[in-house]
Structures are given as C-alpha cells and as structure tokens.
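Chains A and B are the protein sequences, given in the same order. Everything in the first sequence is counted per numbering that gives the first Met the number 0, starting at 0 for the first residue and increasing by one. Everything in the second sequence is counted per numbering that gives the first Met the number 0, starting at 0 for the first residue and increasing by one. C-beta: ideal position from N, C-alpha, C; glycine also. Here's the structure, in structure tokens; my notes come after.
Protein chains: 2
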Amino acid sequence: MKNLEKLLKILKEERKDSINYTVPDLWFLEDYSIDHKVLPNGEVMVNPYEFYSAVIEEYVLKNKKNKVDYSKSLSSALNLKSTNGDWIKKATLYSSMIRTSSSWDSDRSYSLDISNINGLKETGTFVKTIALLPLLKRMGVTVLYLLPISKYSLKDKKGELGSPYSVESFTRLDPMLKDPITKDKMTVDEEFGALVEACHMLGIRVTIDIIPRTNSVNSELVMEHPDWFYWIKASEAKDYRVPFVESIPDTTYPAPKWMKTVYESEDVLRHIKMFEKNPKETDPELFKTIKGKDPIEFLDNIEKAFDLKIAPAFSDQINDIQPPWSDVTYFRMYLDDPVDTKKYLKIKHNPYILCDTIKSNMYPGKVKNMELWELLSSIIPYYINNFGIDGARIDMGHALPKELLEMIIGKAKEVDPDFTFIAEELNMENDKSAKENGYNAMIGNGFWALPRVKEGEFKKFINHAPELAIPALATSETHDTRRTTFREGGEKLTRMLIVTNFFIPNTIPFINSGEEVYEREPMNTGVDADQSDLDALYKDDPYYGKLALFDKYSFHYTHPRRMEIVNHLKDVVKVREEWLDVLTDNSLYVPLHFYEDRDTLVGLGYFNKKTHKCLVVIANGDMYNGTYVNVSLEVLRQLSKNPSTVGRVRYATYEMPRDFTDFNMNGDLYCYLGSGEVKIIEF
Amino acid sequence: MKNLEKLLKILKEERKDSINYTVPDLWFLEDYSIDHKVLPNGEVMVNPYEFYSAVIEEYVLKNKKNKVDYSKSLSSALNLKSTNGDWIKKATLYSSMIRTSSSWDSDRSYSLDISNINGLKETGTFVKTIALLPLLKRMGVTVLYLLPISKYSLKDKKGELGSPYSVESFTRLDPMLKDPITKDKMTVDEEFGALVEACHMLGIRVTIDIIPRTNSVNSELVMEHPDWFYWIKASEAKDYRVPFVESIPDTTYPAPKWMKTVYESEDVLRHIKMFEKNPKETDPELFKTIKGKDPIEFLDNIEKAFDLKIAPAFSDQINDIQPPWSDVTYFRMYLDDPVDTKKYLKIKHNPYILCDTIKSNMYPGKVKNMELWELLSSIIPYYINNFGIDGARIDMGHALPKELLEMIIGKAKEVDPDFTFIAEELNMENDKSAKENGYNAMIGNGFWALPRVKEGEFKKFINHAPELAIPALATSETHDTRRTTFREGGEKLTRMLIVTNFFIPNTIPFINSGEEVYEREPMNTGVDADQSDLDALYKDDPYYGKLALFDKYSFHYTHPRRMEIVNHLKDVVKVREEWLDVLTDNSLYVPLHFYEDRDTLVGLGYFNKKTHKCLVVIANGDMYNGTYVNVSLEVLRQLSKNPSTVGRVRYATYEMPRDFTDFNMNGDLYCYLGSGEVKIIEF
C-alpha cells in the first residue's frame with residue numbers, strides 16, 4: 000500500500016469522537032460529506048480525523064488512475080515525453096512553507112501548539128497540507144513549490160522555531176513536519192510521500208529548495224568531515240565580526256579590482272588571523288575520542304576539548320552591514336586558497352571565510368573538495384528516488400563552482416531527465432548564463448519590479464519579459480520580500496497584479512502562500528523589506544512582529560475578503576487553461592499600446608494562429624483613478640487576421656462577463672478601466 | 000453524604016481529558032490551582048470537571064463548618080434567632096434565571112447547545128451556577144433570588160425554550176436545569192440541593208419565585224382536577240379573544256363602578272357564552288376512560304373526546320390591548336361566581352374568565368376552592384423541607400384571595416419562622432397593605448423611577464424610601480424591564496445607579512443578572528420596555544432580538560469593560576458592610592441638600608450614634624456634565640455631633656481613595672462631582 004492510502008487507513012483507525020477542532024473555511028471548499036458546522040467567523044468545526052480522511056477519500060483519491068505509481072515524479076508516473084524540465088514554462092507555482100501554510104489554531108487556544116489540547120499539531124505538517132490542495136487547484140496551481148523541508152538546527156535558533164534555511168541534514172526531513180495524528184504508525188518520510196502522491200494525483204508537481212552552499216553551524220556532516228568547515232577559537236567567538244574595509248566606503252560586490260584593497264585592510268587581517276585548523280587536523284588522536292549523540296553534543300564536546308567552533312557565515316558583499324548569520328556557515332568548496340587572490344595574502348593562515356573564498360564561482364581554488372561535491376550532487380537524486388519530486392530551486396546556485404552546479408544538475412537529470420531546475424537568480428541580466436547552466440526558469444526580479452507600478456517598473460518588467468532566455472516568475476512577492484498588500488495600493492494592488500501575472504508573456508505565475516488572503520506580514524525581511532514591515536499587522540494581532548521563517552505563524556485565512564482572490568482566480572484560470580499553448584508561445588504575443596501612454600496602463604495581446612481568435616488583457620495600475628482607455632489593436636489584428644467587432648469580456652475584476660462591443664471605427668479598443676481593474680477580452 | 004459533596008465526588012469520578020472548554024474569566028475570579036489558560040478574548044480554557052471541582056473544593060467547601068446542615072434554610076442551619084424574615088432588610092439580592100445566567104458557548108460553536116461536542120450542556124444548570132458564586136460574593140450578594148425553576152410547559156412554547164412562568168408542575172424541577180456532567184448519578188433535585196448547600200456555605204440565602212395564580216394550559220393538575228380550570232370548545236378556540244367593552248374607552252382598572260357596564264357589553268356576553276362545563280362534569284364516565292402519559296397527551300385526548308380545551312388567560316385590566324397569553328391559564332380560586340358581580344349576569348353560564356372572576360382579592364366568591372388552596376399553600380413548605388430555601392417572591396400575590404395569601408404565608412412560617420416573603424408589588428402606595436399581608440419586602444417601582452434621573456424620579460424615589468412600611472428593592476431594572484444600560488446615559492448610568500443603590504435608605508440593593516456586564520438586551524419586554532428594546536444589540540450579535548425568558552441567551556460576560564462594576568462593587572461593599580447596621584436603621588439617615596438643588600444631584604447622610612462618625616454618599620446623575628457641588632451638612636453634624644474637618648473618600652467611581660478636606664468654613668462639603676460620579680466620604 001502506498002503512503003496516501005496508508006495515511007487514510009490510519010486516520011480511520013485512529014478516529015476519535017468529540018474533538019473540538021476547527022479549520023479555516025478556505026480549507027473546506029469542497030462539499031465533503033462529513034458532519035461539520037460552519038462558524039460565522041470563517042472557520043468550520045470538523046472532526047479532524049474525518050476531515051483529513053474526507054479530503055483524501057472524497058477529493059484526492061477520486062483522481063487516482065489504476066496502475067499509475069504516483070510516488071514517482073509526475074513525468075515518470077505518467078510516462079510523459081521529457082521536456083528536459085521545460086514543463087515548468089506552462090506551470091503555475093504556489094510557494095509554501097509547510098510549517099506555516101497549514102498552521103491553524105484548531106483548538107482556538109490563541110496559540111499555535113505543537114501538541115494542542117487533543118495532542119494534535121497546530122503548526123503545519125505534510126498531512127495537513129493535503130487539505131490545502133483543493134484551494135490550490137481552484138487557483139490553477141500546478142506546482143507546489145516548497146521552501147526547505149529538511150532537518151534544521153534548533154541550537155541558538157532564531158525566533159520561536161528556527162529557520163529551515165539553517166540546514167542540519169540534507170536528507171533527514173524536519174521532524175516538526177511530522178503529524179502526531181498518525182501517532183508512530185507513519186514516519187515523517189512516509190507522510191511527505193503521502194503529500195507528494197496526493198499532489199501527483201491532482202496533477203500538481205512538487206519542487207523542493209536545496210541549499211548546497213551553506214549549512215547549519217551544527218551540521219551533522221561535521222562529525223565525519225571537520226575539514227569541510229571553517230573554524231575559530233570558541234573563546235574568541237564573541238569577537239567574531241564582519242571585517243570592515245575602511246578604504247572602501249560602500250557595500251560593494253567583490254569584483255577583482257577591489258581584492259587587493261581588501262587584503263591590505265588591517266581589519267581583514269585581524270579577521271583572517273582568527274581562523275584555526277580544524278580539530279581533526281589539530282589533534283587526530285584526541286579527535287577520535289570525541290563522541291556525541293547528535294551534532295550539537297558532538298560540537299559541544301569539540302569545544303570543550305579543543306576550544307574550537309565553526310565560524311558563522313556572513314554576506315559575500317564587501318562591507319555589508321548585516322551582522323554574521325549566527326546559525327549557518329559556508330562549506331569549503333575548495334581545499335586551497337583562491338587562485339586569483341592568494342597572492343595578496345602573505346601571512347601563514349588557516350582556511351578562512353571572506354568575500355572571495357566563499358564566492359567560489361568567481362574565485363575558485365585548485366583543489367576541489369570532491370567528496371563534498373559528490374555528496375551535494377547526490378541530494379536531489381535522493382529526493383527523486385525516495386519521494387518522486389519533480390524539480391528543485393538551488394539556493395544561491397550561481398555562487399557555486401560552475402563545475403559543481405553542472406554535477407548537481409547532471410546527476411539529477413540522469414535519474415529524471417524531465418526534472419526541472421529553478422535558479423535563485425534575481426538579476427534579470429543573468430538569464431542567458433542561467434540557461435547555459437541548465438536551469439529551466441529563474442526567480443527574476445518581479446517581486447521588486449511588479450509592485451512598482453507608478454515608477455514604471457511594472458511596465459518595464461512586462462516589456463522585458465519576452466526577451467528572457469528562460470522564463471522568470473510572475474510574482475510581486477516571495478517569502479523573502481515585503482508583501483504586496485503592505486505596499487501602497489494594498490489589497491487592490493494585490494488583486495490587480497495577481498490576475499495580470501497569469502498573462503505576462505514568458506513568465507510563470509507564482510503565488511506566495513498567504514498572498515491569496517491579503518497577508519500583510521512578510522515571512523522574512525531578507526530582500527526588499529525592512530523593519531517597517533514588522534509593523535504590518537495591528538499590535539493586538541497574535542502574529543504581530545512575527546516572521547514565518549523563524550516564528551510560529553498562521554496566515555489570516557479568516558480575512559473578511561478571503562474568498563476574493565480565490566474567486567477571481569477560479570475564473571481567470573479557465574481562460575488561462577484554454578489559452579495556455581498560446582500564452583506560452585512568445586511568437587503569438589503582441590504588446591499593446593495605449594494612446595494614453597501611461598506607466599500605469601499595460602496591455603497584453605495574444606492570437607491563436609489556427610482560430611484567428613485574440614485575447615487581450617488590459618490592466619490599470621493606477622490605485623486611485625479609473626480612466627477611459629484607447630488601446631491600439633492594429634498589430635494584433637494584422638497578425639491574427641481578425642476583424643471582429645464583437646468580443647466577450649471573459650473576466651474583469653470589477654464586472655461580470657458580458658458581450659463586448661467597445662471597439663471604435665478603426666477596430667481599436669475603447670473602454671473604461673476602473674482603478675486597479677484588469678479586463679480580459681476575447682474576440 | 001450531602002448533595003454538594005456527592006457532586007464533587009461525581010465530578011472527580013467522571014473526569015475526562017482533552018476537553019476543549021471555556022468559561023468567561025468572570026467565572027474564574029479566584030486563584031484556582033487547576034491547569035488553565037487565560038485567552039485574550041475574556042475567556043479561560045479549563046477542563047470542566049476540574050474547574051467545577053475546584054470551585055466547590057477550593058472555594059465553597061473552605062467555608063464549611065462542622066456539624067452544620069447546609070441543606071436546611073440558613074437560619075435553621077445556623078440556628079439563628081428568627082427575625083420573622085426581616086433579615087432581608089440587610090440583604091443584597093442577585094436576581095438570576097438559572098437557565099440564562101450560567102449559559103456559555105463553552106465549545107465555541109457559536110450556538111448554545113443543549114448537548115455540545117462533549118455532551119455537556121451550554122445553557123444554564125444548577126451545577127454551573129455554583130461557578131458564579133465567587134462573582135456574586137465579590138459584589139456583596141447575600142441572596143440568590145431565583146426566577147422560576149419548576150417544570151414548565153413545552154407545548155406551543157414561546158421562543159426557543161419556552162417561558163419558566165408557564166408552570167406545568169409546582170414541585171417537579173425544570174429538567175432543562177439538570178446538568179449532564181453528572182450523567183444519571185445525580186437527579187436535578189439533588190443538583191439544586193447542591194447549589195443551595197453551596198450558597199448556604201458562603202452565607203448566601205436562596206429565594207424562589209412561585210406563581211400560585213396561574214398555571215400552564217398544560218398543567219399536570221388538570222388530570223386530577225379538571226374543575227380547577229376554565230374550559231372552552233377546542234373547535235372555537237381560534238375565536239377566543241379578550242372581550243372589548245366599547246362604552247369604556249381606555250384600559251381601566253376593574254373598579255366596582257365599571258362592572259355593571261362590563262356585564263352589559265355584548266362582547267362580554269359573547270365571550271362568557273364561549274365557556275363550557277369541564278369534561279369530568281360533562282361526561283364523568285367518558286372522562287374516566289381518558290389517559291395520557293403526560294398532561295399534553297392527556298389534554299390532546301380530552302380535546303379529541305370532548306372538543307374541550309383549557310381557556311388561555313389574559314390581563315385583568317378592562318380593555319387591555321394585550322392578546323391572550325396562549326401558554327397560561329387562571330386557577331378557579333372560587334367554585335362559584337363573584338359575590339359582588341353575579342347580580343349583573345342573568346344568563347345561564349359556565350365558569351368563565353373575566354376581569355372580576357380572576358381578580359379574587361377584589362371579587363371573591365363564597366365557595367372557596369379549598370383543595371386547591373391547600374395545594375398552593377403546600378408548595379413553599381415542600382421547598383423548605385426538601386431544599387432548605389430561605390424565602391420566596393409570590394407572583395401576583397396581591398391578586399390572590401386575602402385568606403389564601405394568609406394560608407400560604409402562615410404555612411411557610413410554621414415550617415420556618417424566619418422565611419422571608421417578597422411581594423410582587425410595584426405600587427409604592429401599597430407598602431402598608433403588603434406589610435399587613437405578612438410580606439417582608441416589596442419589589443416597588445425602583446426599576447421605573449431610578450433610571451429617570453432627569454425627570455426627578457430618581458430623587459423622588461430616594462426621598463420617599465425612608466417612609467415605606469417595608470423596604471423596596473433598590474434596582475433600576477428587573478427581568479421584566481428595559482436594561483439600564485440601554486437607557487440614555489448607558490453604561491455611565493448603570494455605574495452611577497448600581498453604586499448609589501447600595502446606600503439608599505430602607506431599600507435592598509438588587510442586581511439583575513447581566514447588569515454587572517452592562518447587558519443591553521432585556522430578558523423580557525413585559526414592563527417599562529417595548530419593541531425598541533429588541534434592537535438593543537447589534538444585528539450581528541448572536542443574541543440579537545432574543546429574550547432570555549423565552550430563548551437561549553448568554554450574557555455578554557466578555558464585554559470589554561466586564562470588570563468595571565465588579566471592581567467598583569468589591570470596594571463599595573466593604574463600606575456597606577462596615578456601615579450595614581447604620582445603613583439599615585432609618586433613624587440614622589439624614590437626607591442631604593445641595594445648594595445647587597438639581598434633580599440630578601442626590602446626597603445621602605448617615606451617622607453612627609456610638610462613634611459619631613458620618614458617611615456621606617453624593618451622586619451626580621447628570622450624564623453629560625460634571626459640576627462643583629455645595630452640600631449642606633448642618634443637620635448631619637448636629638445629629639452626629641461630629642465637627643471633623645478632615646475625612647476620607649472611601650470610594651469614588653472616578654478617583655482613588657484619598658484624604659478629604661473639601662469642607663468649607665461652615666463645615667459643609669464643597670467638591671467636584673464628575674458626570675455620573677458617586678463619591679462616598681467618611682468623616
């Protein structure tokens with residue numbers, strides 16, 4: 000029996016009565032046959048055993064086909080012709096951090112309990128995430144894009160729960176994501192397997208996020224491989240800080256021209272002198288005697304015996320003001336100094352962290368840490384073989400040695416040629432190099448450009464998109480950035496962008512979990528966000544000032560307008576699905592021009608070569624004023640050979656579908672666009 | 000083992016884990032040692048078994064003295080010298096309808112369930128009422144004044160639950176008040192016994208409300224005594240209406256001068272002709288064959304066999320516009336026609352309901368229904384003997400035959416000489432007759448007068464109070480009237496009056512359950528309230544438009560300012576307790592006069608003959624403006640022989656206790672009184 004059916008069986012066996020348990024009504028969009036009570040506050044009272052059983056039995060398993068092994072990647076399971084991972088071009092992504100997205104205070108104790116009054120987990124789990132799939136399907140999602148799910152370090156953790164980016168083990172899954180509803184009858188691995196199977200049955204692929212460049216300072220690898228890490232004296236750790244190069248005034252990219260100056264800095268030398276030999280090299284005999292039931296105990300014992308500890312990582316930009324990241328460290332990708340900069344360092348030294356040693360794509364050494372590289376490139380094959388995942392985002396992949404990246408991508412494709420790779424590449428100019436490196440898609444800078452409508456960046460992003468070598472994500476936020484709803488324009492801006500994003504050429508619609516319920520609080524303030532984001536919620540909100548990446552956090556699923564975006568997308572997705580082949584063919588795209596020529600007005604035209612039909616998407620990004628618009632359809636009509644004077648508003652965020660005859664004498668479009676409105680017209 | 004200890008034992012035996020149950024924090028004022036979680040919304044999560052156990056064990060039983068039988072009336076239990084029921088003069092009453100006062104949506108399902116997700120009752124029960132006692136104690140309550148607790152009719156019930164004033168049985172208790180938390184290990188009688196014992200341990204007496212004049216149209220007495228009731232044809236019941244005497248224009252008290260006119264009215268004759276012989280008299284043999292498992296089935300069978308049903312009651316005022324009260328009927332107090340009016344009725348007729356026949360204090364017959372009278376006067380002895388209750392309110396006692404009233408009071412006093420009687424007498428002029436009839440206190444018209452501050456009625460009530468032959472209740476609302484907080488002045492008015500009420504001479508402070516949390520919705524719109532009261536709550540309130548007397552209702556115990564009145568009274572009560580003997584001695588009271596002489600300003604002075612100390616209570620009933628006041632203390636200083644120029648503000652609703660020197664040259668008081676403020680000054 001596969002994992003999903005095993006889960007269902009256990010839920011039925013373990014079923015208990017009289018459990019006072021609620022879920023958001025957004026998790027209960029289907030007409031499940033179980034006893035339930037809809038509460039006026041946006042929650043539904045259910046028996047959790049019955050509820051999760053119903054989702055599996057009445058929703059997911061209905062889509063199961065015989066003789067398909069859903070525990071394999073979807074391309075393998077359905078025996079699809081490989082696109083070499085390019086299926087991602089037609090996908091719609093939903094970014095989810097399992098721990099957060101399926102969190103809910105189900106016993107309404109005003110806290111997210113790890114074990115609530117009924118012994119159930121209120122933070123997110125793989126099992127509970129299955130209940131979110133109907134919501135995802137309704138929004139047209141075809142890929143569940145997961146933030147890290149592996150075991151992370153809990154020592155000196157940031158926030159209430161610690162960050163999943165502080166990876167302790169590449170292959171062991173985060174035990175926090177295990178659901179106690181199955182007691183010890185299922186492992187966390189089996190529960191993840193059940194989620195992947197459920198996704199695959201619904202035609203949803205699953206991608207994971209791997210972080211090969213850094214690891215927790217409590218990495219389990221340290222026990223076997225102390226030489227893969229950088230070490231400092233434990234007794235001096237309190238003085239460890241990011242070296243500051245006084246003669247370079249600003250935060251600066253570590254270009255070769257700066258490196259001489261860097262190595263001349265007294266503070267850099269002070270910093271380099273802090274590093275020590277690794278403990279095994281320091282005293283191999285003593286090292287052999289060190290034990291520990293886990294990496295934390297082992298490292299504690301190392302510290303006691305050697306006065307050594309692993310050096311924390313910090314930014315690879317010169318003079319970055321961020322303090323060291325206390326929870327993570329860099330791997331030593333090379334076992335010698337960088338070829339290009341070692342000439343600047345005259346003193347005897349041990350392996351050290353600096354902007355060049357850690358940016359090994361720019362500053363490689365000669366001695367590759369091949370054993371580590373083998374390990375790093377075995378991670379994805381492990382997840383493919385054991386869980387059937389379909390793709391991965393490589394965290395900071397562009398900072399890895401080129402050859403290592405090739406190994407990682409190559410070994411994965413050996414196992415699943417249709418595996419997709421998403422580059423954590425935010426620079427839109429690096430599209431070609433990302434493609435060359437084997438990536439199928441890139442993050443891009445939509446999160447930054449799209450919400451900057453007034454500044455013209457929204458329009459520029461759309462204009463630039465068709466030229467990209469690989470598609471970027473069409474999203475105005477990520478787990479690292481400010482939330483769109485917290486920007487000027489608020490919920491109206493979120494609505495306008497999320498609908499438009501389904502039609503931008505050569506991009507991939509991407510929904511950032513929580514965005515669909517107008518979440519205002521970022522998950523992290525890492526990129527394009529700052530301290531002011533911590534005031535995004537009212538002070539009396541239970542999650543005020545909390546960041547999902549570190550703290551217990553539950554999205555505001557009972558937001559008064561929680562159904563708005565879901566309902567918009569439900570209809571928008573129908574149009575996208577009908578037009579998907581056209582929308583993803585750049586040669587069928589025609590940018591539309593407005594006589595009004597404003598930065599806030601964008602128009603996207605598409606035509607179907609066979610039917611000669613056209614699709615026009617126009618959006619008014621002005622958050623205060625509606626306007627009449629004249630949209631030139633001249634080029635679109637020429638290419639499509641379509642002279643129609645009657646069309647249909649397939650969807651508009653402000654009005655009902657209707658016949659559309661607002662063409663003027665020369666066939667151009669003339670109509671009213673409300674503030675923040677998007678109209679989708681077919682003719 | 001007595002009932003309270005039995006209850007505790009059962010709660011511990013039946014204890015279950017993992018019950019998601021909340022109570023208002025106002026029910027959790029003590030520092031109970033149990034696991035609990037205070038929620039930010041004003042609730043506390045508790046295990047109900049542990050919680051009710053803790054209240055009994057850690058709060059109530061601590062006051063238990065050895066060898067005292069708390070199941071007897073408090074005077075008997077403590078072997079107190081009888082005051083002939085006058086202990087009520089020093090009491091503070093809390094009016095409670097068990098079904099409502101201890102209601103709470105403890106599973107937070109947004110409905111008051113008779114059996115909630117854990118099989119527990121969310122409407123009020125005797126058991127849950129025990130948890131309210133700490134709140135009552137904090138407000139200085141010494142008497143739990145209960146609305147009817149006996150079984151009432153559920154047939155054609157008004158509202159969701161029916162009215163407890165529609166009594167079906169005098170001695171069987173309302174099964175709705177049984178708490179399923181004890182399963183079938185305790186009867187509802189035992190649970191009431193446990194509540195009475197708990198009250199007695201805390202020094203709280205218990206009074207009940209008995210209704211001897213009317214009974215449910217489904218009274219259980221009909222099976223044995225059909226001749227005690229009035230009958231009409233069932234097939235004509237739809238035409239049954241209050242007769243209208245056209246030649247008397249207004250609603251009128253049935254004075255003898257009107258009675259000739261009444262009997263000349265055609266509509267009155269039409270009405271009288273509707274009445275029939277009772278079924279037993281109609282056909283004794285057939286009557287013997289009629290059976291029924293309960294009064295409702297029995298009456299259904301009577302209706303089928305005889306086409307007869309019991310006639311509904313209506314108001315005893317001539318031309319009262321209220322429709323008949325479909326759920327209750329009058330008892331036939333006399334078995335013949337009224338002596339004074341039978342001369343007006345020439346036609347042959349059967350016993351009928353009319354303003355004279357039912358007002359048997361004014362219009363007695365000759366043939367007393369002695370078997371009924373014996374029964375009615377045995378009710379209170381039953382409650383004394385079985386539950387140890389301490390007093391009773393007699394509903395509409397003034398409309399009973401004088402001799403019956405004497406029987407009722409006399410028989411009770413035979414069993415417990417210290418039993419107290421409260422007259423449902425709203426007319427302040429009837430104080431002497433009430434006293435003569437044996438009553439210890441009367442309701443009075445405070446509910447009407449006190450909130451009418453601007454109109455001068457507040458002041459008049461206070462001025463009149465010392466002259467009353469028996470004390471009236473000091474309360475601005477009852478279960479029948481508009482809520483004080485719904486009147487102009489709102490919460491400020493409630494605060495001002497509830498504090499002042501603890502010091503009005505010759506009256507008894509009385510808190511109407513819910514008043515302490517600023518409840519706006521009346522429990523009934525019977526007196527000094529109208530249809531507009533049904534809009535007292537916001538439309539999205541779950542109890543909008545519901546009346547506690549008929550519907551499921553839970554007070555707004557989580558009101559944002561729920562602690563305000565409790566905290567005021569906690570301190571006010573200390574002053575009252577210290578001064579109680581003085582406050583309840585009319586000869587030590589001195590009304591105080593303000594130079595400002597406004598209807599909104601009242602001053603109450605008291606002096607202690609032994610210590611020469613004085614207590615001054617001044618209140619500003621102006622709901623909009625504060626004012627400086629000059630209060631003459633001349634008389635008080637003369638009588639008390641107290642020349643102090645320094646006193647102490649013992650309490651003030653707006654400021655902290657402090658030394659007080661605001662006396663002017665001639666020893667009078669000069670100070671500021673905020674809008675709605677009450678100051679209590681001792682010197």
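Would you kindly work out how many angstroms separate the C-alpha atoms of K640 (chain B) and H611 (chain B), rounded to a whole number?
The alpha-carbon atoms of K640 (chain B) and H611 (chain B) are separated by roughly 6 Å.
Should the segment 193-212 of chain B be called in touch with the segment 388-407 of chain B, which here means at least 3 C-beta pairs below 8 Å?
Yes, since at least three Cβ pairs between the segment 193-212 of chain B and the segment 388-407 of chain B fall closer than 8 Å, the two stretches touch.
Residues in its own chain within less than 7 Å of P541 (chain A) by CB, not counting five upstream and five downstream?
Y109
Could you tell me the distance, in whole angstroms, from the CA atom of P211 (chain B) to the CA atom of G396 (chain B)?
Their backbone Cα atoms lie some 8 Å apart in a straight line.
Within chain B, the residues that P47 (chain A) reaches when beta carbons sit closer than 9 Å
The contacting residues do not exist; P47 (chain A) stays about 12 Å from chain B at best.
Between the CA atoms of K367 (chain B) and E577 (chain B) - distance to the nearest angstrom
50 Å
Candidates A:R636, A:T660 and A:M622: which alpha carbon is nearest L591 (chain A)'s?
A:R636
Can you list the beta strand (DSSP E) stretches of 3 or more residues lying completely in the segment 230-257 of chain A, in chain order?
230-232
Tell me, please, whether the CB atom of I33 (chain A) is closer than 8 Å to any CB atom in chain B?
It does not: the Cβ of I33 (chain A) has no partner Cβ on chain B nearer than 8 Å.
Helix, strand or coil for F418 (chain B)? Go by DSSP, reduced to three states.
In the structure shown, F418 (chain B) sits in coil (DSSP, three-state: anything other than H, G, I, E or B).
Partners in chain A for P179 (chain B), counting only beta-carbon separations shorter than 9 Å:
By Cβ distance, chain A contributes nothing, its closest Cβ being about 13 Å from P179 (chain B), past 9 Å.
Can you grab the Cα-Cα spacing for the pair H567 (chain A) / T652 (chain A), in whole Å?
7 Å
Give, in chain order, every residue of the segment 97-119 of chain A whose Cβ lies closer than 9 Å to some Cβ of chain B.
D106, R107, S108, Y109, S110, N115, I116, N117 and G118
Using a Cβ-Cβ distance cut-off of 8 Å, determine whether P39 (chain B) contacts chain C.
The structure shown contains no chain C; the protein chains it does contain are A and B.
Is there a Cβ of chain B sitting closer than 8 Å to that of M44 (chain A), yes or no?
Cβ-Cβ to chain B under 8 Å: yes for M44 (chain A).
Can you give me the start and stop residues for the beta strand (DSSP E) that A547 (chain B) sits inside?
Per DSSP, A547 (chain B) belongs to no beta strand (DSSP E) and is neither H nor E.
Alpha-carbon to alpha-carbon, T356 (chain A) and K287 (chain A)
So the two alpha carbons sit approximately 29 Å from each other.
Strictly under 8 Å for the Cβ-Cβ distance: is S75 (chain A) near chain B by that measure?
no
Check whether the segment 227-234 of chain B touches the segment 165-181 of chain B, counting contact only when three or more Cβ pairs, one atom from each stretch, lie closer than 8 Å.
no
According to DSSP, is F593 (chain B) helix, strand or coil?
Here F593 (chain B) sits in strand by DSSP.
Nearest CA to the CA of M349 (chain B): which residue from B:K256, B:I289, B:V414 and B:P278?
Rather than Met, the amino acid found at residue 349 (chain B) in this sequence is Asn. Checking every option, the nearest Cα to that of N349 (chain B) belongs to B:P278.
Residues in the segment 4-35 of chain A with C-beta within 7 Å of chain B's C-beta atoms, listed in sequence order?
S17 and N19
In terms of residues, what are the limits of the beta strand (DSSP E) holding Y671 (chain B)?
L668 to L672
Run through the DSSP bridge pairs and tell me what Y329 (chain A) is partnered with.
A:T213
For a quick check, are the C-beta atoms of I378 (chain B) and T170 (chain B) less than 8 Å apart?
Annotated as proximal: I378 (chain B) and T170 (chain B), with beta-carbon spacing under 8 Å.
Taking R560 (chain B) as part of the beta strand (DSSP E), name the residues at either end of that continuous run.
It is not in any beta strand (DSSP E) - R560 (chain B) carries neither H nor E in the DSSP assignment.
Range of the contiguous beta strand (DSSP E) that encloses G390 (chain B):
G390 to I393
From I503 (chain B) to F509 (chain B), what does the alpha carbon distance come to, in whole angstroms?
Spanning the two alpha carbons is a distance of roughly 12 Å.
Per-residue DSSP class, three states only, for L176 (chain B)
DSSP places L176 (chain B) in helix when its eight states are reduced to three.
Let me check understanding here. Comparing Cα to Cα, which of B:E42, B:D596, B:L73 and B:Y31 lies closest to I55 (chain B)?
B:Y31
For V187 (chain A), which three-state DSSP category applies?
helix
Pairwise C-alpha distance: V67 (chain B) and E435 (chain B):
Here the C-alpha atom of E435 (chain B) lies approximately 34 Å from the C-alpha atom of V67 (chain B).
Measuring straight from C-alpha to C-alpha, what distance separates D112 (chain A) and T186 (chain B)?
39 Å
Using only alpha-carbon positions, find the residue among B:L77, B:K89 and B:L6 that is nearest to Y51 (chain B).
When C-alpha distances from Y51 (chain B) are compared across B:L77, B:K89 and B:L6, the shortest belongs to B:L6.
Strictly by DSSP, which residues pair up with H35 (chain A)?
A:V45
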